[in-house]
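Here is the structure we will look at, set down as structure tokens.
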Amino acid sequence: IRRTGKWFAENPGVIASAWDASGISVFHIPEAEIPMDLRSNMPNPNSWSKWLIAFLPFDSGSCIDIARPQEIVLNIALCGDWAGGAWWKSHQARSTGFV
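The numbering of the sequence shown is my numbering, which starts it at 0 and goes up by one.
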């Protein structure tokens, strides 16, 4: 199943991931179904199988021994910004006289 931004906008909820020795699991839990363990800040991913949307198993060549805990930062700024300051290097930016 391919889910796009529109689908997620129409189906709000929690996207959670669990990383253990077997692999990485990704879940989408609808807002109306958020379980008590997650609401109480005591997540139990073993009870979330009905919301599993992806499983990425580890094998002997996987990154399990070299990867460290991860953090995802989502920039939801309404106006946003181009990566790497690309806008500031553009002709349009230079033509404003502020560059």
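Backbone N, C-alpha and C fix where the C-beta goes; we use that ideal spot for every residue, glycine too.
(request) Could you tell me whether the region 55-62 touches the region 27-42, using the rule of 3 or more Cβ pairs below 8 Å? (result) With the cut-off at 8 Å, the region 55-62 and the region 27-42 do not touch.
(request) List the whole-angstrom C-beta distance separating PRO44 from GLU30, where the pair is believed to meet the contact cut-off of C-beta under 8 Å. (result) Along the sequence shown, one-based indexing puts residue 44 at 45. Along the sequence shown, one-based indexing puts residue 30 at 31. So it is not a contact: roughly 18 Å between Cβ atoms.
(request) Could you tell me which residues DSSP pairs with SER94 in its beta bridges? (result) Here residue 94 refers to the residue found at position 95 when the sequence shown is read from its first residue. According to DSSP, SER94 bridges with nothing at all.
(request) Would you identify the three-state DSSP class for LEU37, choosing helix, strand or coil? (result) For the purposes of this step, residue 37 is identified with residue 38 of the sequence shown, where counting begins at 1. Correct three-state label for LEU37: helix.
(message) Rounded to whole angstroms, what is the Cα-Cα separation between GLN69 and SER94?
(response) The count along the sequence shown starts at 1 and reaches residue 69 at position 70. The count along the sequence shown starts at 1 and reaches residue 94 at position 95. One C-alpha to the other measures close to 40 Å.
(request) Figure out for me which residue from LYS88, PHE7, ILE71 and ALA17 has the closest Cα to the Cα of LEU51. (result) Indexing the sequence shown from 1 puts residue 51 at position 52. For the set LYS88, PHE7, ILE71 and ALA17, the Cα lying nearest the Cα of LEU51 is the one of ALA17.
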